[in-house]
Amino acid sequence: HAKSSGRNTVSFFDPSMQQAIQKRSLLERDLRNAILNNEFILYYQPKVDVTEHVIGYEALIRWQHSQQGLLPPAEFIQVAEECGQIINIGTWVLRQACLQLSLWAQSDKTQHLSIAINISEQQVSQDNFVETIIQAIDEFDCPPEKLELEITESLLMKDMLEVISKINQLKEKGISFAIDDFGTGYSSLNYLKQLPIDWLKIDRSFVHDMLNDTNDEAIVKTIIALSKTLGIKLIAEGVETKAQQEFLIHLGCPILQGNLFSKPLPLEQLGI
Ligand code: C2E
Ligand code: MG
Ligand code: MG
Ligand code: MG
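Take a look at the structure:
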């Protein structure tokens, strides 16, 4: 309803709605300046093998906002996707990861480490997606076999052949691909069979509940069996307890990620 909110003003929104709209447009404005102001930071969370050796890291973005402090992706990634800024942000993340991998490649102690970055659907849909990735790799002289791109199942519902072709072009360069949050989307087994991907990441919601919910346990077991059948490597995310770690290893999931080993940390705190 239109309601009178002052002497001469008529407003269609209640104050809380107006506030939300204003907050949103400020966020969009701030997002546009965030790269220039150098406000994004990558945090890194280790992926470990059965002996808890770190094989690589997932890079997870944070935003050091001048007024709001350190913001997690949940506070801004969706907005960035809706206003198109995700393209610039995605390129920033990519270049940052390539730079880091090229630095790690120079030392025996770090050259085995991989970095996985999260890729939004819109990035893959760009005509120059493949070129953007290859350009960054070349510019920083980054070892491509250490770069992993995490995509989600929803991407595959769109233009399957187009997506497969792009994945294949990058795989030829040595880059690998993971399906993130696996099991939460709608990808059919038939799709999965056609996909040239290297990794499935079991979504953390299943890991969280598998020890007290037989449905989640069954889903985890099914994903593990599936990965073996299709010859796709497997990683479980969101591992928080020793019991979850032991259960996953027992079931045959050898690579794990989660707060049990380390929460995501800024580079300086990785101890490498
Ligand atoms: P994701 O790719 O599934 O990343 C895993 C998320 O689980 C991270 O949240 C991580 O901090 C959290 N996590 C890891 N271990 C545990 C655990 O043991 N328990 C619990 N409860 N959570 C755990 P984060 O960093 O807040 O990121 C959330 C999501 O934001 C990511 O989910 C990813 O979809 C998106 N994201 C992060 N960085 C980027 C980026 O650079 N680009 C894009 N497009 N999306 C990103
Ligand atoms: Mg991820
Ligand atoms: Mg995930
Ligand atoms: Mg996710």
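In mature numbering (1 follows the signal peptide of the UniProt record, and there is no 0), the protein residues as written are 610 to 881. Built from N, CA and C at the ideal position, the CB exists for glycine as well.
For ASP789, the CB falls within less than 6 Å of some heavy atom of ligand 3. Three or more pairs of CB atoms, one per stretch, sit closer than 8 Å, so the region 726-734 contacts the region 763-776. PHE791 is bridged by DSSP to ILE811. Judged by pairs of C-beta atoms under 8 Å, the region 842-857 touches the region 804-819, as three or more such pairs exist. Residues of the same chain with a CB within less than 8 Å of the CB of TYR795, apart from the 5 flanking positions on each side, are GLU762, SER763, MET766 in chain order. Here the distance from the Cβ of PRO875 to the nearest heavy atom of ligand 1 is not below 6 Å. Among the bridge pairs identified by DSSP, ALA845 is matched with ILE811, LEU865.
Between PRO875 and ILE650 the beta-carbon gap is near 6 Å, inside 8 Å, which marks them as a contact. At the C-beta level, LEU865 and VAL657 come within 7 Å of one another. Ranked by Cα distance from ALA725, the options LEU680, VAL816, TYR666 are led by TYR666. Burial of LYS755 is indicated by the presence of at least 16 other C-beta atoms within 10 angstroms of its C-beta. PHE738 and LYS775 have their C-alpha atoms some 8 Å from each other.
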